[in-house]
């Protein structure tokens, strides 16, 4: 029995040794390439390939999108570089494929600047029609295409006129008997003058005694030929329009102004405008005419400015975006957008705003409040600012792509932080925000005393807020904010230097931002700004009434340090966007 067990153990050991030796022989070399994994990168991590237009497509190797046929790109390149979850980014190729067009919107802002859109047109007074002065057949053309530049007196065509031949014969016969019948002679000359022959031409016919068979058609003015209505061999009658010539040295800028814009405009206002083809160049002009009638379809009046086209840079039909500094400030900001730019589903209306100065084209989904429809446009009561650039064509393609990629879209939006409160309560807390802005501006100017004096206004405005106007959850929220604001105000008032005051100001800002996001304030637009370098690179937020960055944590030393993280519009709910805390790191609750 013992011998049998020893034999079995020996057999097992031999089997293990032989199996290990065979496995070592069959193992592939580490230096050999693995042909079946060509889609792995150098670090051995699997690369997924996706379509910039259809991000739901994810394949393990490069190729074409099975939906649209576009070249697939690495998924890492398609990932969003924006920290705003409401922004959807697309490659330039996807933007071109979706035929996405954007337009800067017109309207007025709170600083008295009015933005209008329109286009360049030729000055109607500089437009001339070259007509046939007598009937005849076109024998030759010297101007054969539209767009050709001509000068006054230049030959445009040659015409053969049997009627003119007869009139010349009558003149020559009348010349022979003008001593006896001077009236016939005068009548023959007048007939030729009516056909616009000059005195020199008539005298030449008389003196030579020969009849001219062909006459030249000359340009009445210099300009560009915009229309040619004849060809060689055509027979034309007296008064037929042969050419249209327009002088492009002077042009009109025609802008559309809506009813709400008209009280802000007057003749003589200077406008500054850009054209789509030359966005970096500014042109100047002055308003010369405001149409007294509104267009029944668009509900807009035409505003005209005259511009000298030096260098011929401007062309008729170019699209124009104009800014006008008006003497009056509008009672409320208002903008209009094309109907094609709005996605609407019941209670929600959405537009996509192009993110400015971004390397990758990005479009921010923005909820707006629609006003009255005006022709093919909507009046926007809140949610947009004049001068912003919105998507006017391809908005559905952007929204569909965002939805398919799992980002926020028309059908999927984050929950709102905003709570419904009365208008009276919102007016009262707006007074708190106004006092806060005075405190903030004192720190911006590095003036601690000015900032601390403004704290009195915060205390006064807080005492005027009727907490009985809010109930249940809104009441609990307000009481928590009220306690935090009073505590921060007391500590800031007792601060011995401006650096200590700025630390407590960050907590005051936290509660003001919470108040703004939860209840809203009656300001057309305010901004949530962020400085990443505040308090030793811990970062800090603040609320601002201005779009330009003015940093209260550094003052003059780093006045422009920071960025706008969020924009709050009057009457618009604030979304609960994850990953954007407002609380300062050094003062967590």
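Numbering (my numbering), first residue to last: 107 to 695.
All residues carry an ideal CB built from backbone N, CA and C; glycine is no exception.
Item	Value
Own chain partners of residue 243 with C-beta closer than 6 Å, once the 5 adjacent residues on each side are dropped	266 and 341
Contact check, residue 591 vs residue 617, beta carbons under 8 Å	yes
Residue 328 versus residue 261 - alpha carbon distance	12 Å
Residue 491 - DSSP class collapsed to helix/strand/coil	coil
Whole-angstrom C-beta distance between residue 468 and residue 194, which should lie under 8 Å	7 Å
Rounded straight-line distance, which links the Cα of residue 565 to that of residue 445	46 Å
Those residues which DSSP pairs with residue 646 across a bridge	637
Whole-angstrom distance between residue 474 and residue 455, CA atom to CA atom	6 Å
One or two residues paired with residue 431 in a DSSP bridge	219
Cross-strand partners of residue 357 (DSSP beta bridge)	228 and 413
Per-residue burial, residue 386 [other beta carbons within 10 Å of its own, 16 or more giving buried]	exposed
DSSP state of residue 564 mapped onto helix, strand, coil	helix
Cβ neighbour criterion (16 or more within 10 Å) applied to residue 384	exposed
Neighbourhood of residue 697 by C-beta distance below 7 Å, restricted to the same chain and skipping five residues each side	In the structure as shown, the chain begins at 107 and stops at 695. Residue 697 is therefore absent and cannot be evaluated.
Rounded straight-line distance, which links the Cα of residue 156 to that of residue 149	At residue 149 the pLDDT is 42, less than 50, meaning the model places this residue with poor confidence and gives no usable figure here.
Beta-ladder partner(s) of residue 324, from DSSP	261
Proximal residues to residue 521 (C-beta, below 8 Å), its chain only, five neighbours per side dropped	681 and 682
Contact test: residue 282 Cβ vs the ligand COA heavy atom, cutoff 7 Å	Although the ligand COA was asked about, the structure shown includes no ligands whatsoever.
Top-ranked residue by Cα proximity to residue 663, from 644, 678 and 640	640
Reduced DSSP secondary structure (H/G/I, E/B, other) of residue 151	Per-residue confidence for residue 151 stands at a pLDDT of 43, beneath the threshold of 50, marking its modelled position as unreliable; the derived number appears in the next sentence. In this structure, residue 151 counts as coil in the three-state DSSP scheme.
Residue 544 vs residue 599 beta-carbon contact at 8 Å	no
Cβ-Cβ separation, residue 206 to residue 503 (assumed contact under 8 Å), whole Å	7 Å
Inter-residue spacing [alpha-carbon to alpha-carbon] between residue 146 and residue 177	Summary for residue 146: the model assigns pLDDT 47, below 50, so the residue's position carries little reliability, and this model does not support an answer.
Beta-carbon gap between residue 395 and residue 410 smaller than 8 Å	yes
Bounding residues of the beta strand (DSSP E) (the contiguous stretch that carries residue 460)	454-460
Distance, residue 222 Cα to residue 451 Cα	28 Å
Presumed contact (8 Å Cβ cut-off) between residue 239 and residue 302, rounded CB distance	4 Å
The stretch 224-237 in contact with the stretch 343-360 per 3-pair CB rule at 8 Å	yes
One or two residues paired with residue 235 in a DSSP bridge	350
Residue 255, DSSP secondary structure in three states	strand
Residue 240 (DSSP reduced to helix, strand or coil)	coil
Beta-carbon proximity check, residue 211 vs residue 490, cutoff 8 Å	yes
CA-to-CA distance, residue 678 to residue 672, given in whole angstroms	13 Å
Opening and closing residue of the alpha helix (DSSP H) in which residue 268 lies	268-282
Limits of the unbroken alpha helix (DSSP H) element including residue 291	288-300
Three-state class that DSSP yields for residue 578 in the structure shown	helix
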